[in-house]
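*Asks:* Numbering (numbering that gives the first Met the number 0), first residue to last: 0 to 415.
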Amino acid sequence: MAGQKIQAPKGVSEYVPPRSAAFEFVRESLINPARRAGYQLIELPVFEDTELFTRGVGESTDVVSKEMYTFLDRGDRSITLRPEGTAGVMRAVIEHGLDRGQLPAKLWYSGQFFRAERPQAGRYRQFYQVGIEAIGLDDPAIDAEVIAIADAGFKAIGLSKYRLEITSLGDAQSRAAHRIDLVKFISGMNLDEATSARAVLNPLRLFDDKRSEIKEAMAKAPLLIDYLSQASRDHFEQVNKYLDALGISYVLNPRMVRGLDYYTGTTFEFVHELLGAQSGIGGGGRYDGLMAELGGQGLSGIGFGLGVDRALLAAEAEGVINEKSFVSDLFIIPLGDAAKEMAMKIASDLRSSGKSVEVAFGDRALKGAMKGADKSGARYVIVLGDSEISSATVELKEMKTGQTSSVKIASLISAL
RNA sequence: GUGGGCGUAGCUCAGCUGGUAGAGCACUCGGUUGUGGUCCGAGAUGUCGCGGGUUCGAGCCCCGUCGCUCACCCCA
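This is the structure we're talking about:
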């Protein structure tokens with residue numbers, strides 16, 4: 000019986016050669032600034048107790064209420080594929096007592112996340128994020144550093160056509176005071192059912208509506224930024240000051256809306272100009288109440304999540320991906336069985352000395368093997384046949400120039 | 001979840017008012033016996049997403065389904 004072809008599940012992003020090289024480059028570019036700032040790797044499960052997200056991210060959010068991959072495992076536990084990274088990091092910090100050492104705890108992660116949405120340009124059901132979290136420090140300087148690390152990642156990729164938007168969501172009192180006035184304002188608007196339902200869940204959502212009539216109506220709505228407490232205002236001004244000192248440009252967007260309930264205080268988003276509807280390539284902010292909500296001590300925190308898939312899309316749109324895929328130092332073409340054995344031995348020795356070496360297997364004709372060497376992008380090629388074996392000498396050919404030189408097999412390592 | 005567009009060789013696509021498939025690229029081999037990138041020649045490749053239906057006959061029409069894609073919603 001002929002096997003039916005099996006397709007990947009709907010909406011997943013996957014990266015195969017040659018594009019996987021660009022993906023790897025983008026991901027590493029986003030991670031490196033965090034490593035260089037002293038953030039340490041944290042590897043966590045991709046599935047968690049469902050309650051972690053309902054409690055941490057917030058039941059009223061779209062992410063939790065209609066986009067989670069939730070299922071019962073064989074022990075009837077409710078499990079959810081992680082839709083974001085911060086809640087899991089906070090869970091692990093509490094569980095492993097990382098908040099008992101020196102603060103802030105500075106962590107980075109990278110991996111897959113899952114959201115059961117309708118796929119679209121730059122929006123996948125399984126997608127990749129790189130993120131960092133700095134937990135246990137209220138200093139506005141850490142806010143600026145976190146933002147600077149994200150910005151450095153995008154710059155390392157070569158991106159330039161994006162903007163950084165920031166605002167402050169203030170503390171609990173700030174938000175409560177603002178909400179009263181905002182709800183009052185919205186009650187005076189004439190809204191359709193779906194929109195007002197959304198407004199009840201989170202009135203801030205209306206700031207993000209794309210319809211022009213809503214935008215116009217919301218133009219006069221009270222802004223949260225005008226309700227900030229003195230402490231929140233001071234903190235936010237300090238953040239801006241540090242960003243200025245770092246030479247990071249940003250625009251204040253008091254209408255910014257974030258989809259996760261845990262955000263407080265400093266909040267930011269990176270928006271790319273060349274992407275379609277899904278133009279956010281990264282975002283984050285403070286979450287000063289999250290740890291307590293998850294049963295830990297009441298430490299504050301700040302972090303970001305950067306979209307690797309979208310950053311790659313943005314890099315391709317800007318045409319800045321010129322990173323060649325990984326290329327070998329040497330390509331060996333063996334002719335005959337004895338040569339093949341020797342080629343494997345040479346390759347193995349050179350590899351343990353840190354050289355990257357490919358061997359042409361499969362007894363291809365020399366012409367085809369040379370073509371393979373060319374395609375591989377290897378810097379040098381040698382042909383290994385009877386005469387080379389008996390003389391212990393090979394013609395080392397530099398592919399770029401076509402020039403060859405005689406080299407003893409034993410001294411190949413120094414010739415590469 | 002709602003709506004639009006699409007689904008033909010590995011890739012990008014062509015296929016006229018229905019008559020049982022083609023191009024370019026890529027791939028393999030060859031152009032005198034062991035050295036690539038150009039050029040020339042030859043060759044292999046598809047259950048035309050899947051399942052039904054209409055028809056003497058469907059890649060082209062109809063229905064369903066799966067997937068892709070774009071937008072809404074939402075977000076990375």
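Every residue gets a Cβ at the ideal spot worked out from N, C-alpha and C, and that includes glycine.
(1) Please work out which residues of its chain come closer than 8 Å, Cβ to Cβ, to A1, disregarding the five sequence neighbours upstream and downstream, and give them in chain order.
(2) Excluding sequence positions up to five away, which residues of its chain have a Cβ less than 8 Å from the Cβ of E292?
(3) Straight-line CA distance for E394 to S109?
(4) State buried or exposed for H271, treating a residue as buried only when at least 16 other CB atoms are found within 10 Å of its CB.
(5) Within the continuous beta strand (DSSP E) that includes F24, where are the two ends?
(6) Along the chain, where does the beta strand (DSSP E) that runs through S248 open and close?
(7) For P8, does the count of other Cβ atoms within 10 angstroms reach 16, so buried, or fall short, so exposed?
(8) Grouping DSSP H, G and I as helix and E and B as strand, with all else coil, what is F153?
(9) Output the distance between the C-alpha atoms of D48 and R76, rounded to the nearest integer angstrom.
(10) Cβ of T60 within 7 Å of Cβ of G258?
(11) Helix, strand or coil for P202, going by three-state DSSP, please let me know.
(12) If we ignore side chains and look at the alpha-carbon of each, how far apart do M341 and A316 end up?
(13) Roughly how many angstroms lie between the CA atoms of A21 and R309, to the nearest whole one?
(14) Give me the residue from T194, G74, K65 with the minimum Cα distance to P82.
(15) What's the C-alpha gap between F24 and V319?
(16) To the nearest angstrom, report how far apart A36 and A91 are at their CA atoms.
(17) Using the rule of at least 16 other Cβ atoms within 10 Å of the residue's Cβ for burial, across every protein chain shown, is P118 buried or exposed?
(18) Just curious, the beta strand (DSSP E) that V92 is in, first and last residue?
(19) State the CB to CB distance for the pair L381 and L334, rounded to an integer number of angstroms; the pair is presumed to be in contact (CB under 8 Å).
(20) Grab me the residues of R420's own chain with a C-beta within less than 6 Å of its C-beta, minus the 5 sequence neighbours each way, in chain order.
(21) Where Y14 and V182 are concerned, what is the direct C-alpha to C-alpha distance, given to the nearest angstrom?
(22) Just to confirm the assignment, what range does the beta strand (DSSP E) spanning E164 have?
(23) How many Å lie between D191 and S211 at the Cα?
(24) Taking the C-alpha atoms as reference points, what is the distance between R197 and G371?
*Replies:* Taking the geometry as given:
(1) Reading the first sequence from its first residue, position 2 is the one you call residue 1. At A1 the pLDDT is 44, less than 50, meaning the model places this residue with poor confidence; the figure from the coordinates comes in the next sentence. Once the five neighbours on either side are set aside, A1 has no close Cβ partner at all.
(2) Stepping through the first sequence from its first residue, residue 292 is reached at position 293. Cβ neighbours of E292 beyond the five flanking positions: R54, G55, Y261.
(3) For the purposes of this step, residue 394 is taken as the residue at position 395 of the first sequence. For the purposes of this step, residue 109 is taken as the residue at position 110 of the first sequence. Using only the alpha carbons, I get a separation of about 44 Å.
(4) As a first step, residue 271 is located in the first sequence; it is residue number 272 there, counting from the start. H271 should be labelled buried.
(5) Residue numbering aside, residue 24 sits at position 25 when the first sequence is read from its first letter. Where F24 is concerned, there is no enclosing beta strand (DSSP E), although the alpha helix (DSSP H) it sits in stretches over 18 to 35.
(6) Here residue 248 is taken as the residue at index 249 of the first sequence, counted from 1. Run containing S248: none; DSSP gives neither H nor E here.
(7) As a first step, residue 8 must be located in the first sequence, where it is residue number 9. Exposed: under 16 other Cβ atoms inside 10 Å.
(8) Within the first sequence, residue 153 is the residue found at index 154, counting from 1. If DSSP states are grouped into helix, strand and coil, F153 belongs with the helices.
(9) As a first step, residue 48 is located in the first sequence; it is residue number 49 there, counting from the start. As a first step, residue 76 is located in the first sequence; it is residue number 77 there, counting from the start. Rounded to whole angstroms, D48 to R76 spans 8 Å at the Cα level.
(10) Residue mapping note: residue 60 aligns to position 61 of the first sequence, counting from 1. Residue mapping note: residue 258 aligns to position 259 of the first sequence, counting from 1. The answer is yes: Cβ separation under 7 Å.
(11) Reading the first sequence from its first residue, position 203 is the one you call residue 202. Reduced to three states, the DSSP call for P202 is helix.
(12) Position 342 of the first sequence holds residue 341. Position 317 of the first sequence holds residue 316. Each residue's Cα considered, the two are about 46 Å apart.
(13) The sequence position of residue 21 within the first sequence is 22, counting from 1. The sequence position of residue 309 within the first sequence is 310, counting from 1. Cα to Cα, A21 sits roughly 12 Å from R309.
(14) The count along the first sequence starts at 1 and reaches residue 82 at position 83. For P82, the nearest C-alpha among the options comes from K65.
(15) Start at 1 with the first residue of the first sequence, and residue 24 comes out as number 25. Start at 1 with the first residue of the first sequence, and residue 319 comes out as number 320. Those two C-alpha atoms are separated by around 11 Å.
(16) As a first step, residue 36 must be located in the first sequence, where it is residue number 37. As a first step, residue 91 must be located in the first sequence, where it is residue number 92. It is roughly 21 Å from the alpha-carbon of A36 to the alpha-carbon of A91.
(17) As a position in the first sequence, residue 118 is number 119, starting the count at 1. The Cβ neighbour count for P118, taken over all protein chains shown within 10 Å, is under 16; the residue is labelled exposed.
(18) Start at 1 with the first residue of the first sequence, and residue 92 comes out as number 93. Looking at the DSSP string, V92 is not in any beta strand (DSSP E); the run it does join, the alpha helix (DSSP H), is 85 to 94.
(19) Working through the first sequence from its first residue, we reach residue 381 at position 382. Working through the first sequence from its first residue, we reach residue 334 at position 335. Reading off the sequence shown, one finds Ile at residue 381, where the question assumed Leu. Actually they do not touch by this definition, with Cβ atoms about 11 Å apart.
(20) Residue 420 is absent from the model: the chain starts at 0 and stops at 415.
(21) Locating residue 14 in the first sequence gives position 15, counting from the first residue. Locating residue 182 in the first sequence gives position 183, counting from the first residue. Cα to Cα, the separation comes out at about 45 Å.
(22) The residue labelled residue 164 in the question sits at position 165 within the first sequence. Per DSSP, the continuous beta strand (DSSP E) segment holding E164 begins and ends at 161 to 167.
(23) Reading the first sequence from its first residue, position 192 is the one you call residue 191. Reading the first sequence from its first residue, position 212 is the one you call residue 211. Looking at the two C-alpha atoms, the distance is approximately 14 Å.
(24) If you number the first sequence from 1, residue 197 lands on position 198. If you number the first sequence from 1, residue 371 lands on position 372. R197 and G371: Cα-Cα distance of roughly 58 Å.
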